[in-house]
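Working notes for the structure below.
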Amino acid sequence: MADKTASLTLGEKSYDYGLLSGSVGPDVVDIRKLYAQTGAFTYDPGFTSTASCESAITYIDGDQGILLHRGYPIDQLAENSTFMEVAHLLIHGELPKKDELDTFTYTITRHTMLHEQLIQFYRGFRRDAHPMAIMCGVVGALSAFYHDSTDITDPKQRMIASHRLIAKMPTIAAMAYKYSIGQPFMLPQNNLSYTGNFLRMTFGVPAEPYEVNPIVEQAMRTIFILHADHEQNASTSTVRLAGSSGANPFACIAAGIACLWGPAHGGANEAALNMLREIGTPDRIPEYIARAKDKEDPFRLMGFGHRVYKNYDPRAKVMQKIAADVLDQLDIDDPVFDVARELERIALHDEYFIEKKLYPNVDFYSGVVLSAIGFPTSMFTALFALARTVGWVAQWNEMISDPDQKIGRPRQLYTGPTQRDYVPVDKR
Ligand code: CMC
């Protein structure tokens, strides 16, 4: 039993439960024996008070607006790291030494191509398919191709599957884009950086050489780092839940992609830019602020608010700076950025947003940058999925290696009919 305990009284009886302490963050009441001892469940829809697992990867202090990967603040990683370094850090726990980084980068680079047969899958989609629909399908289909890396009890096979996923995701996302605009697929070119390769596969054409713009490459690298992991969010929890049954790793990541797609999660970047474009000019902002505050109107300010951050999302701070830098360096005058900044200013001074602690999140400014780089809005969430794959595989590996890991199986508060007898159709 832990030093500190929490007591629960149910009727006449009292029960003590240990409090587990992490290295930082709130204590956790260990209720694993609660049902066996009391016959009662806990009720926590949306898991707002539930720690679903033990993890040593990412820590968020939502009140202070702090995000740490393996202890390193996100702004330091965004400023100084490469995406490969962050991937190594998340998966292996430490920033790599030079030779470790070289080996890791080499390994990822050697897995960038797709099986030729897999490429045929694209032709089965409509040209106007959403890239996230294609990503769900193609990533799920990887499970039918790489049979030598699906024994999840073997750490080596798990690592090969992880490398394949990280390496192939840029190729898969870029091909989804090429397919939608009717251009030929571009094969990976492994002398480029992870980000440079992705940009070339997305924006290059076979008829011409492609020069990676260093400003864009740098911005993409930072965007990927900002999206790499975020603790037990909805899509990561989905990957863990799918993986908890021992499912195929590629299928688990496809499940994560499906969850990420929603506008309350990864789809918010697309929704945020669409909203900013719809607002159009700063004079229309008050109308939208009023709608966001109106209980009768389902409209929300997209890119605002967060389940965990009750302060400025530290990723949004970095993203705002990238937006300003990219627009400046590429000499783009986008009125949407002015609308975004003014909307943020007004919302942060509005009693409704102050009281509910609603601040810009990572998605508020990312659309402005991605649009300046040349991505259509439909690709935004696909880029998020690409980067988040690193976090998903790190969390999936951590879960499978955890000796306490069990299949995820929540219970419910049942409010349906109690037992009744079948009534034949002519008597109903
Ligand atoms: N605009 C207006 N009101 C809001 C907003 C918003 N964006 N977000 C929350 N609220 C209000 C909400 O109406 C509620 O008010 P009340 O207490 O009067 O009912 C209160 O704030 C709490 O909201 P909630 O929905 O209970 O909070 P949640 O923790 O369940 O939801 C959220 C978090 C991110 C889903 C929500 O803030 C939201 O829908 N934001 C817009 C979508 C968005 O930007 N999502 C990206 C999240 S960050 C990237 C990622 O993780 O994928």
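Mind the numbering: the sequence shown is residues 89 to 516 in the working numbering, read in order. Note that beta-carbon positions come from the ideal geometry of N, C-alpha and C, so glycine has one too. These numbers come from a predicted model, not from an experiment.
(Q) Between which two residues does the beta strand (DSSP E) holding D104 run? (A) Locating residue 104 in the sequence shown gives position 16, where the first residue counts as 1. Where D104 is concerned, the enclosing beta strand (DSSP E) stretches over 101 to 108.
Q | Per-residue DSSP class, three states only, for L155 | A | On the sequence shown, residue 155 is found 67 positions in, with the first residue counted as 1. In this structure, L155 counts as strand in the three-state DSSP scheme.
Q) Which partner residues of V117 appear in the DSSP bridge assignment? A) Residue mapping note: residue 117 aligns to position 29 of the sequence shown, counting from 1. Looking at the DSSP assignment, V117 forms a beta bridge with L107.
**Q.** M467: CB within 6 Å of a non-hydrogen atom of ligand 1
**A.** Taking the first residue of the sequence shown as 1, we reach residue 467 at position 379. False, no ligand heavy atom lies under 6 Å from that Cβ.
Q.
Check this for me: beta carbons of F387 and A378, under 7 Å apart or not?
A. Sequence index remark: in the sequence shown, residue 387 carries index 299 (1-based). Sequence index remark: in the sequence shown, residue 378 carries index 290 (1-based). Not a contact, by the Cβ cut-off of 7 Å.
Q | Inter-residue CB distance, L202 and K256 (contact presumed, cutoff 8 Å) | A | Position 114 of the sequence shown, counted from the first residue, corresponds to residue 202. Position 168 of the sequence shown, counted from the first residue, corresponds to residue 256. Distance from L202 to K256 at the Cβ level is roughly 6 Å; contact confirmed, criterion being Cβ atoms closer than 8 Å.
Q: Using alpha carbons as the reference points, say which of D419, Q152, P464 lies closest to F291.
A: For the purposes of this step, residue 291 is taken as the residue at position 203 of the sequence shown. Checking every option, the nearest Cα to that of F291 belongs to P464.
Q | Proximity to F425 [Cα-Cα], best of S109, L361, T170 | A | Numbered from its first residue, the sequence shown carries residue 425 at position 337. Looking at the Cα atoms, L361 is the closest of the given residues.
Q. Do A322 and H353 have their CB atoms nearer than 7 Å?
A. Start at 1 with the first residue of the sequence shown, and residue 322 comes out as number 234. Start at 1 with the first residue of the sequence shown, and residue 353 comes out as number 265. Yes, the Cβ-Cβ distance between A322 and H353 is below 7 Å.
Q) If you drop the 5 nearest sequence neighbours on each side, which residues of the same chain put their C-beta closer than 8 Å to that of K494? A) Position 406 of the sequence shown, counted from the first residue, corresponds to residue 494. So the list reads S332, once near-sequence residues are dropped.
Q.
Within a Cβ cutoff of 8 Å, which residues of the same chain sit near Y105, ignoring the five residues on either side of it in sequence?
A. If you number the sequence shown from 1, residue 105 lands on position 17. Residues of the same chain with a CB within less than 8 Å of the CB of Y105, apart from the 5 flanking positions on each side, are T93, A94, S95, L96, V117, D118, I119, K121, L122 in chain order.
Q: Assign M89 to one of two classes, buried (16 or more other C-beta atoms within 10 Å of its C-beta) or exposed (fewer than that).
A: As a working note, residue 89 is residue 1 in the sequence shown. At M89, the pLDDT of 48 sits below 50, so the modelled position is not reliable; the number obtained from the coordinates is stated separately. Per the 10 Å Cβ criterion, exposed.
Q. In terms of residues, what are the limits of the beta strand (DSSP E) holding L230?
A. Numbered from its first residue, the sequence shown carries residue 230 at position 142. Boundaries for L230: no beta strand (DSSP E) harbours it, and the DSSP string shows neither H nor E there.
Q: Report yes if the CB atom of A428 is closer than 7 Å to the CB atom of V456, and no otherwise.
A: Stepping through the sequence shown from its first residue, residue 428 is reached at position 340. Stepping through the sequence shown from its first residue, residue 456 is reached at position 368. Yes, the pair counts as a contact, with Cβ atoms nearer than the cut-off.
Q) In the structure shown, what three-state DSSP assignment does Y510 receive? A) On the sequence shown, residue 510 is found 422 positions in, with the first residue counted as 1. Here Y510 sits in coil by DSSP.
**Q.** Exposure label - E432; buried when at least 16 CB within 10 Å
**A.** Position 344 of the sequence shown, counting from 1, holds the residue named residue 432. Looking at its Cβ environment, which holds 16 or more other Cβ atoms inside 10 Å, E432 is buried.
Q: Ignore the nearest five residues each way along the sequence and tell me which others in Q277's own chain have a CB closer than 7 Å to its CB.
A: By one-based count along the sequence shown, residue 277 stands at place 189. Scanning its chain for C-beta atoms nearer than 7 Å, with the 5 sequence neighbours on each side dropped, one finds around Q277 the residues N285, R288, in chain order.
(Q) Please return the same chain residues whose Cβ sits closer than 8 Å to the Cβ of S102, not counting the five positions on each side in sequence. (A) Within the sequence shown, the letter at position 14 stands for residue 102. These residues qualify, in order along the chain: S95, L96.
Q) In this structure, what does DSSP give as the bridge partners for A160? A) Along the sequence shown, one-based indexing puts residue 160 at 72. With the sequence shown as reference, residue 160 is identified as Tyr, and Ala is not the correct amino acid for it. Y160 pairs with H157.
Q. For R388, is the beta carbon positioned less than 6 Å from some heavy atom of ligand 1?
A. Taking the first residue of the sequence shown as position 1, residue 388 is located at position 300. Checking every heavy atom of ligand 1 against the Cβ of R388, one is found closer than 6 Å.
**Q.** Whole-Å CB distance - I303 paired with A175, under 8 Å assumed
**A.** Taking the sequence shown and counting its residues from 1, the one referred to as residue 303 is at position 215. Taking the sequence shown and counting its residues from 1, the one referred to as residue 175 is at position 87. Contact flag wrong, Cβ pair sits at about 23 Å.
Q. Hey, would you say the C-beta of R395 is under 6 Å away from at least one heavy atom of ligand 1?
A. One-based indexing of the sequence shown puts residue 395 at position 307. Yes, ligand 1 has a heavy atom inside 6 Å of this Cβ.
Q.
Assuming contact is defined by CB atoms lying nearer than 7 Å, are G153 and P448 in contact in what I supplied?
A. Here residue 153 corresponds to residue number 65 of the sequence shown, with the count starting at 1. Here residue 448 corresponds to residue number 360 of the sequence shown, with the count starting at 1. Contact flag unset, no.
Q: Name the two residues that bound the continuous alpha helix (DSSP H) containing M268.
A: Position 180 of the sequence shown, counting from 1, holds the residue named residue 268. Per the sequence presented here, residue 268 reads as Ser, with Met not at that position. Run containing S268: 243 to 269, per the alpha helix (DSSP H) assignment.
Q. When burial is assigned at 16 or more other CB atoms within 10 Å of the CB, is S137 buried or exposed?
A. Your numbering for residue 137 matches position 49 in the sequence shown. In the assembly as shown, S137 is an exposed residue. Its beta-carbon has fewer than 16 other beta-carbons within 10 Å.
Q. Are the Cβ atoms of P219 and S459 separated by less than 7 Å?
A. Numbered from 1 along the sequence shown, position 131 holds the residue referred to as residue 219. Numbered from 1 along the sequence shown, position 371 holds the residue referred to as residue 459. Cβ distance not < 7 Å, so P219 and S459 don't count as in contact.
Q: Go ahead and pull the three-state DSSP assignment for T465.
A: To locate residue 465, count along the sequence shown from 1; it is residue 377. Per DSSP, reduced to three states, the secondary structure at T465 is helical.
Q: Inspect the beta-carbon positions of G150 and Y397 and report whether they are closer than 7 Å.
A: Residue mapping note: residue 150 aligns to position 62 of the sequence shown, counting from 1. Residue mapping note: residue 397 aligns to position 309 of the sequence shown, counting from 1. Yes. Within cutoff.
Q: Would you check if there are 3 or more beta carbon pairs closer than 8 Å linking the region 338 to 357 to the region 161 to 177?
A: These segments do not touch.
Q) Which same chain residues, not among the five before or five after L348, have their C-beta less than 7 Å away from its C-beta? A) Residue numbering aside, residue 348 sits at position 260 when the sequence shown is read from its first letter. A distance below 7 Å between beta-carbons, with the five flanking residues on each side excluded, links L348 to the following residues of its chain, in chain order: S323, G354, T469, F472, A473, R476.
Q) How far does the alpha helix (DSSP H) with A144 in it reach, from first residue to last? A) Your numbering for residue 144 matches position 56 in the sequence shown. Looking at the DSSP string, A144 is not in any alpha helix (DSSP H), and its letter there is neither H nor E.
Q | Where L96 sits in the DSSP three-state scheme | A | Position 8 of the sequence shown, counting from 1, holds the residue named residue 96. Here L96 sits in strand by DSSP.
Q. Any idea if G295 is buried or exposed, counting beta-carbon neighbours within 10 angstroms, 16 or more meaning buried?
A. As a working mapping, residue 295 is identified with position 207 in the sequence shown. In the sequence on display, residue 295 carries Ala and not Gly. It counts as exposed.
Q.
Let's see if you can read the secondary structure: which residues bound the alpha helix (DSSP H) around P374?
A. Residue 374 sits at position 286 when you count from the first residue of the sequence shown. From DSSP, the alpha helix (DSSP H) with P374 extends over 373 to 381.
(Q) Under DSSP, the alpha helix (DSSP H) around F387 begins and ends at which residues? (A) Numbered from 1 along the sequence shown, position 299 holds the residue referred to as residue 387. Going by DSSP, F387 is part of no alpha helix (DSSP H) at all; its letter is neither H nor E.
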